[in-house]
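Below is one structure, written out as structure tokens; comments come after it.
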Amino acid sequence: MLREEIKGEHMSETYKQMWQELGLDLNAHDMLLNVLGKAYQDIYLAQKNRPSGMGYFDFVMSEVHGLRIKELMDEKAAGRKIIGAYCVFVPEEIVKAADATLVGLCAGADFATDEAEKLLPRNTCALIKSAFGFKLGKVCPYIESSDMIVGENTCDGKKKAYESLKNLIPNLYVMDMPQMKSAEGRSLLKAEYFRFMEAVEKLTGIKIDAARLKKGIAIVNNKRKAIHRLMALRKAKPAPISGLDALLANQVFFYDDSVRFTDSVNKICDELEKRVEQKQGVFPANTPRILLSGCPMAVPNWKLPWIIETSGAVIVGEESCVGERGNRNLTDDSGNTVEQLMDAMIDRYFKIDCAVFTPNSDRLNHIEEMAKTYQADGVIHYGLQFCQPYLMEAIPVEKALESKNIPTLRIDTDYSMEDMGQLKTRVEAFVEVLK
Ligand code: SF4
Ligand code: SF4
Numbered sequence: 000m001l002r003e004e005i006k007g008e009h010m011s012e013t014y015k016q017m018w019q020e021l022g023l024d025l026n027a028h029d030m031l032l033n034v035l036g037k038a039y040q041d042i043y044l045a046q047k048n049r050p051s052g053m054g055y056f057d058f059v060m061s062e063v064h065g066l067r068i069k070e071l072m073d074e075k076a077a078g079r080k081i082i083g084a085y086c087v088f089v090p091e092e093i094v095k096a097a098d099a100t101l102v103g104l105c106a107g108a109d110f111a112t113d114e115a116e117k118l119l120p121r122n123t124c125a126l127i128k129s130a131f132g133f134k135l136g137k138v139c140p141y142i143e144s145s146d147m148i149v150g151e152n153t154c155d156g157k158k159k160a161y162e163s164l165k166n167l168i169p170n171l172y173v174m175d176m177p178q179m180k181s182a183e184g185r186s187l188l189k190a191e192y193f194r195f196m197e198a199v200e201k202l203t204g205i206k207i208d209a210a211r212l213k214k215g216i217a218i219v220n221n222k223r224k225a226i227h228r229l230m231a232l233r234k235a236k237p238a239p240i241s242g243l244d245a246l247l248a249n250q251v252f253f254y255d256d257s258v259r260f261t262d263s264v265n266k267i268c269d270e271l272e273k274r275v276e277q278k279q280g281v282f283p284a285n286t287p288r289i290l291l292s293g294c295p296m297a298v299p300n301w302k303l304p305w306i307i308e309t310s311g312a313v314i315v316g317e318e319s320c321v322g323e324r325g326n327r328n329l330t331d332d333s334g335n336t337v338e339q340l341m342d343a344m345i346d347r348y349f350k351i352d353c354a355v356f357t358p359n360s361d362r363l364n365h366i367e368e369m370a371k372t373y374q375a376d377g378v379i380h381y382g383l384q385f386c387q388p389y390l391m392e393a394i395p396v397e398k399a400l401e402s403k404n405i406p407t408l409r410i411d412t413d414y415s416m417e418d419m420g421q422l423k424t425r426v427e428a429f430v431e432v433l434k
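Take the sequence shown: its letter number 82 is residue 81 in numbering that gives the first Met the number 0, and every next letter is one higher.
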């Protein structure tokens, strides 16, 4: 069904014209949509017992380069701005305060890797290569429709890659980032958030006052509250929704219309509450429960979750930026001045325990806490090859969890399908141990 929808979509003349105007390579783009449609069919639509509310996300995915881009184009025509971002440290509240729209730039699949490797060393993580590949291959309508793209100095890979990306994306804005959770680190983040606010004001021509900031905070808080509700329901045994479907909601978080997304997630939660009441699970109650921890999984990176959930386990939580790390905590909106509200926002963002920070003991505490509260039988740590921050942290994380009798499996992989067989064997053996 979905494949036909996607096919129908990319055959659509209106969309074709829109993509052409955005400068996309239509042949390469068709190829990408075909691969995406096939993967979605095989991975998502093949699942059983899905909540009916997931129909909305199926629709969103079928129109991910169609209707949603058309909406963004309509926003632009009405004078509003689109801002793209690669990291959860880019504060959506500020973007919303200026009536602009923030979109996550996926970077979840290999594309034009040969071209990307002319500008990046081969031993660069797949996420960074993918960001370059989507731009060089001219297949991402989100990059092309963005009026400003925000990079951030998080890991060394990204920091240096932005120097080259700037040559491909002239409207790249780079935000500096602290490395330590110190008073100086907080001051740097505060200064950078104020600088970003000014850049957004300049781009949009809108002066952000306290009322506007409050509105931005409320929209984003509501979106996060809905995700918190979804995550809380996954603590139930049996799990009422698959990890794949919950991941999809977390992925769509980054580019759907905020208010519509919030409503759609809340609708799924209403359905899941009934499932939990009736002890109805997506898999049998004795299915081993996995907490996934590590690097973010951007659309359409579904490889490892698919392997896990077709190996007799269910994923009950994601300790990830596309998941709980990115969405933990709300912003206190009780302040009445821009300064107070910005401080509250910085307090919230400064708690994000990305592995680029040193030391980063909060993350370990959160993994342990999540394993407990989500009743996980084991943790799978997912590290992207060549991602130093997360691969380095994976070793102490594994040691600490094992010392607390939480079985842990460390997986290092990339976006290719070459290691599928080997990964499946390792995951199946791990799940066997958990049974
Ligand atoms: S893992 Fe770190 S760098 Fe990556 S999105 Fe999360 S906060 Fe940003
Ligand atoms: S996956 Fe790791 S190396 Fe790649 S961009 Fe994220 S933090 Fe940097």
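Here a beta-carbon is modelled for each residue, glycine too, at the ideal position from N, C-alpha and C.
Query	Result
Is it true that the CB of Glu367 sits closer than 8 angstroms to the CB of Val423?	The amino acid at residue 423 is misidentified as Val; the sequence shows Lys. No, they are not a contact pair.
Any heavy atom of ligand 2 inside 7 angstroms of the beta-carbon of Pro177?	no
Restricting to Cα atoms, I'd like to know which of Arg274, Ile142 and Asn328 is closest to Arg49.	Arg274
Indicate the three-state DSSP secondary structure (helix, strand or coil) for Ala125 in the structure shown.	helix
Taking the straight line between their C-alpha atoms, what separation do you get for Cys105 and Gly136?	14 angstroms
Contact criterion: CB-CB distance below 8 angstroms. Does Asn300 meet it with respect to chain B?	Of the protein chains in this structure there is only one, and it is not chain B.
Jot down the residue ranges of each uninterrupted alpha helix (DSSP H) in the region 309-395, minimum 4 residues, whole runs only, in chain order.	323-326, 337-348 and 360-372
Can you check which of these residues, Trp301, Asp376, Gly325 and Lys234, is closest to Gly280 by C-alpha distance?	Lys234
Helix, strand or coil, according to DSSP, for Ser292 in the structure here?	strand
Per the DSSP calculation, Asp411 is bridged to which residue(s)?	Gly382
Does DSSP classify Val102 as helix, strand or coil?	strand
Going by DSSP in three states, Ile240 sits in which element: helix, strand or coil?	coil
Are the region 148-159 and the region 374-389 touching by the rule of at least three beta carbon pairs closer than 8 angstroms?	yes
Hey, how far is the Cα of Met60 from the Cα of Asp98?	25 angstroms
Please state the DSSP three-state secondary structure of Tyr85.	coil
Can you tell me which of the three DSSP states Val63 falls into?	coil
Excluding the 5 residues preceding and the 5 following Arg2 in the sequence, name in chain order all residues of the same chain whose CB lies nearer than 6 angstroms to its CB.	Its pLDDT being 45, under 50, Arg2 is placed unreliably in this model, and the coordinates cannot settle the point.
Between Tyr14, Leu271, Thr357 and His365, which has its C-alpha nearest Glu317's C-alpha?	His365
Please confirm whether Asp187 and Val337 have their CB atoms less than 8 angstroms apart.	The residue asked about is misnamed: residue 187 is Leu in this sequence, not Asp. The answer is no: Cβ separation not under 8 angstroms.
Buried or exposed, going by whether 16 or more other CB atoms sit within 10 Å of the CB of Pro358?	exposed
Measuring straight from C-alpha to C-alpha, what distance separates Pro299 and Ala198?	31 angstroms
Whole angstroms is fine: what's the gap from Lys165's alpha carbon to Ser51's?	43 angstroms
Whose CA, out of Met53, Gly65 and Tyr43, lies closest to the CA of Gln16?	Gly65
Quick check: the Cα distance between Ser257 and Arg347, rounded to an integer number of angstroms?	19 angstroms
Can you confirm whether the region 263-274 touches the region 100-119 when touching is taken to mean that 3 or more C-beta pairs between the two stretches lie within less than 8 angstroms?	no
What residues in its chain sit with their C-beta under 6 angstroms from that of Ile68, if we drop five residues either side in the sequence?	Pro140
Going along the chain, which residues of its own chain have a beta-carbon closer than 6 angstroms to the beta-carbon of Glu143, five neighbours each way excluded?	Leu21 and Gly22
Indicate, with yes or no, if ligand 2 has a heavy atom lying under 7 angstroms from the CB of Leu383.	yes
Apply the 10 Å Cβ neighbour rule to Gly293 and answer buried if 16 or more other Cβ atoms are within range, or exposed otherwise.	buried
Excluding five sequence neighbours on each side, which residues of the same chain lie with their C-beta closer than 8 angstroms to the C-beta of Gln374?	Lys234, Lys236, Arg288 and Val315
When the Cα of Met147 is compared with those of Gly107, Gly184, Pro177 and Glu200, which residue comes out closest?	Glu200
Should Asp435 be labelled buried (16 or more other beta-carbon atoms within 10 Å of its own) or exposed?	Past the boundaries of the shown model lies residue 435; the chain is included only from 0 to 434, so the question cannot be answered.
Between which residues of its own chain and Ile81 is the CB-CB distance below 6 angstroms, once the five residues before and five after are set aside?	Leu71, Thr100, Ser144, Ser145 and Asp146
DSSP three-state label for Gln19, please.	helix
Do Val298 and ligand 2 come close, with the Cβ less than 7 angstroms from some heavy atom?	no
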